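Asks:
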Amino acid sequence: GQSGYKDGKHSEFDGPGEVAVDGDGNIIVSDYSNNCVRKISPQGLVSTLAGTGQQDYQDGDGATAAQFNRPHGVAVDGDGNIIVSDYSNNCVRKISPQGLVSTLAGTGQRGYQDGDGAIAAQFYRPEGVAVDGDGNVIVADRMNHCIRKVTPQGVVSTVAGTGRKRGYKDGGVLEALFNCPIDVAVDGDGNIIVADANNHCIRKLTPQGVVSTLAGAAQVNGYGGAMLGYRNGEGLDARFSSPDGVAIDQQGNIIVCDRENHCIRVVAARLTPPRISQPNQPAHESAFLAADYHKGLESSDFHDVTFVVDNERIPAHRFVLASRCEYFRSMFGEGFQERGSNEVKVSDKGISAAAFKALLKYLYAGCMEVEDGLLVEMVKVCDQYQVVHLRDHCMRRLNADITEHNAIGWLVQAHALQGVEMVKQDVVTYVARNYRKIGRRAKSTLALLDEHPSLVKEILDRQVTM
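Okay, here's the thing in structure tokens:
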């Protein structure tokens, strides 16, 4: 009952937000004020899955690098990934079964914009999250007063609400209005259940795009203030006061956290129970398969080819590389000298051993664990080896993670490499727009430009055109 931060059997939390259960029976908890995500094992042992406890924004290894800012909603998808709404960072994050944290959608800047998740899409205080039967993440975008959908590919769209206007109105997706939706759940038919907090009611969004009110009543075409209260009853006769949590049980009932009434309510909605991902399903097993492949790379057992990069020898397996990458398939095919050689020298300028290892980790296990210092180089490496998905991920990271502290370093790095002109131009634009801020907050990094007068000219020229 005491707030704090401690793992183990005598654990402490500070403002725990929402919970979810994974396929192994662990309880996943968003520890809101500790800025991290915790796990409670079936034996009651608490550990920190991701987050350093510091309030910030950073992707990377969950236990050592990743940072959150008021994480709130949590859900688990069919592959064992944990989906987190990072409330004050205005984005949706993903924690892989290997513990890698990445940004699924949202630039980190608050706003309202659909589109490519980590490049263009924007949220404003996202709260509840749920995963539907197709693997889409449903998000209650609280301060945009709408419901959003994030596909497994990271594309964001608005499924109900205008994103610009709050209010109360049932109807089609283009006319329906919400007022601070806080939580969502998805039933077995794909209906989305919404805790519409400031309208003091429970709403339903069908797969056909029709919004209706299941329980509670808001003031028609108003903001719902007159209809809060506490009353049991059927449908619109019932009264709630700021409901902020919903779940669907296996009898099709909606379980509601009625916050200001300090109670848990049940709505007998007769919904189709939600689908349950079992730990032995292929989707869940894929996470363990990826982990096993990663172990194979680390141990180098049974390797049949060695890459020499920066004088470092890196063992690998032809079959894995050829199966995962067209470039390697061609390299080990007929007509190439590498086909009959057990050693391949990588002499491409700008490819380090660290970057090559990161490439192999992705090809073996789908691991997109790329350090900030390697992001620019990885764009070049992925272009060289035609690994498009990882390249796009690194591009999204560069756009999302650029700050006054790393911008100049990335710019100098991109300038020194060939084949990353798009990255360079994006960073030039950022530096030109934020030059004064860099001078105030990261003045020492400007010394990196002393040996690159041509870059200074590019920055000045860009400022003129902005």
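Quick note on our numbering: the sequence shown kicks off at 1242 and runs consecutively. Just so it is clear, CB atoms sit at the ideal spot from N, CA and C, and this is done for glycine as well. Keep in mind it's a predicted model, so treat the numbers as computed, not measured.
For N1440, which residues from the same chain have a beta carbon less than 6 Å from its beta carbon, with the 5 sequence-adjacent residues on both sides left out?
Replies: Only Y1409, N1420, A1459 and G1465 meet the Cβ criterion.
Asks: Here's the rule: buried if 16 or more other CB atoms are within 10 angstroms of the residue's CB, otherwise exposed. What is V1672?
Replies: Label assigned to V1672: buried.
Asks: Considering Cα atoms alone, identify which of T1305, T1344, N1330 and A1307 is closest to I1324.
Replies: Minimum Cα distance to I1324 is reached at T1344.
Asks: Reducing DSSP to helix, strand and coil, say where P1514 ends up.
Replies: Note: P1514 maps to coil in three-state DSSP.
Asks: Rounded to whole angstroms, what is the Cα-Cα separation between F1560 and V1585?
Replies: Roughly 15 Å separates the two Cα atoms.
Asks: Identify which residue in K1602, R1334 and Q1666 has its Cα closest to the Cα of D1702.
Replies: Minimum Cα distance to D1702 is reached at Q1666.
Asks: Check for me: the beta strand (DSSP E) holding A1436 runs from which residue to which?
Replies: Unbroken beta strand (DSSP E) run through A1436: I1433 to D1437.
Asks: Give me the DSSP bridge partner(s) of L1687.
Replies: According to DSSP, L1687 bridges with nothing at all.
Asks: Can you check whether the CB of Y1246 is closer than 8 Å to the CB of N1275?
Replies: Yes, they are a contact pair.
Asks: Measure the alpha-carbon distance for L1639 versus A1688 and round it to whole angstroms.
Replies: If I take the Cα positions, the gap works out to 22 Å.
Asks: Alpha carbon to alpha carbon, how far is R1681 from A1524? Give it in angstroms, no decimals.
Replies: Note that A1524 has pLDDT 44, beneath the 50 cutoff, so the model's placement of it is unreliable and the number below is only indicative. Roughly 48 Å between the two C-alpha positions.
Asks: Quick check: the region 1543 to 1552 against the region 1607 to 1614, are there 3 or more CB pairs under 8 Å?
Replies: In short, these stretches do not touch, since the Cβ pair count stays below three.
Asks: According to DSSP, S1288 sits in a beta bridge with which residue or residues?
Replies: Paired residue(s): K1280.
Asks: Reducing DSSP to helix, strand and coil, say where D1357 ends up.
Replies: D1357 falls in the strand class under three-state DSSP.
Asks: Taking all protein chains shown into account, decide if D1691 is buried (16 or more other Cβ within 10 angstroms of its Cβ) or exposed.
Replies: Exposed, because fewer than 16 other Cβ atoms sit within 10 Å of the Cβ of D1691.
Asks: For G1607, which of helix, strand or coil comes out of DSSP?
Replies: Note: G1607 maps to coil in three-state DSSP.
Asks: Would the region 1363 to 1379 and the region 1621 to 1634 be scored as touching if the rule is three or more Cβ pairs under 8 Å?
Replies: With the cut-off at 8 Å, the region 1363 to 1379 and the region 1621 to 1634 do not touch.
Asks: Contact between the region 1301 to 1310 and the region 1335 to 1355 is defined here as three or more beta-carbon pairs at a separation below 8 Å; is this criterion met?
Replies: Taking 8 Å as the limit for Cβ pairs, the verdict is that the region 1335 to 1355 does touch the region 1301 to 1310.
Asks: How would you call G1581, buried or exposed, if buried means at least 16 neighbouring beta carbons within 10 angstroms?
Replies: When all chains shown are included, G1581 counts as exposed.
Asks: DSSP three-state call for K1250: helix, strand or coil?
Replies: In this structure, K1250 counts as coil in the three-state DSSP scheme.
Asks: Go ahead and pull the three-state DSSP assignment for I1700.
Replies: Note: I1700 maps to helix in three-state DSSP.
Asks: I need the straight-line Cα distance from C1566 to K1602, nearest angstrom please.
Replies: Roughly 13 Å separates the two Cα atoms.
Asks: Three-state secondary structure (DSSP) at E1501?
Replies: Of the three classes helix, strand and coil, the one that applies to E1501 here is helix, per DSSP.
Asks: Whose C-beta lies closer than 6 Å to the C-beta of N1322 among residues of the same chain, with five residues either side of it excluded?
Replies: The residues are K1335 and S1337.
Asks: In terms of residues, what are the limits of the beta strand (DSSP E) holding K1390?
Replies: Counting along the chain, the beta strand (DSSP E) containing K1390 begins and ends at C1387 to V1391.
Asks: Please return the same chain residues whose Cβ sits closer than 6 Å to the Cβ of S1398, not counting the five positions on each side in sequence.
Replies: D1355 and K1390.
Asks: Are the region 1445 to 1452 and the region 1471 to 1479 touching by the rule of at least three beta carbon pairs closer than 8 Å?
Replies: No, the region 1445 to 1452 is not in contact with the region 1471 to 1479.
Asks: Write down the C-beta distance between A1563 and F1573 rounded to the nearest angstrom, noting that I regard them as a contact closer than 8 Å.
Replies: At roughly 5 Å, the Cβ-Cβ gap stays under 8 Å, so A1563 and F1573 are in contact.
Asks: Between which two residues does the alpha helix (DSSP H) containing H1634 stretch?
Replies: That run of the alpha helix (DSSP H) goes V1629 to D1642.
Asks: Measuring only the C-alpha atoms, how far is A1261 from V1315?
Replies: Those two C-alpha atoms are separated by around 6 Å.
Asks: Assign L1341 to one of three DSSP states: helix, strand, or coil.
Replies: L1341: strand per DSSP, three-state reduction.
Asks: To the nearest angstrom, how far is it from the Cα of F1569 to the Cα of A1456?
Replies: Between F1569 and A1456, the C-alpha separation is close to 58 Å.
Asks: Measure the C-alpha to C-alpha separation of K1590 and A1436 and round it to an integer number of angstroms.
Replies: Going by the C-alpha atoms only, they are around 55 Å apart.
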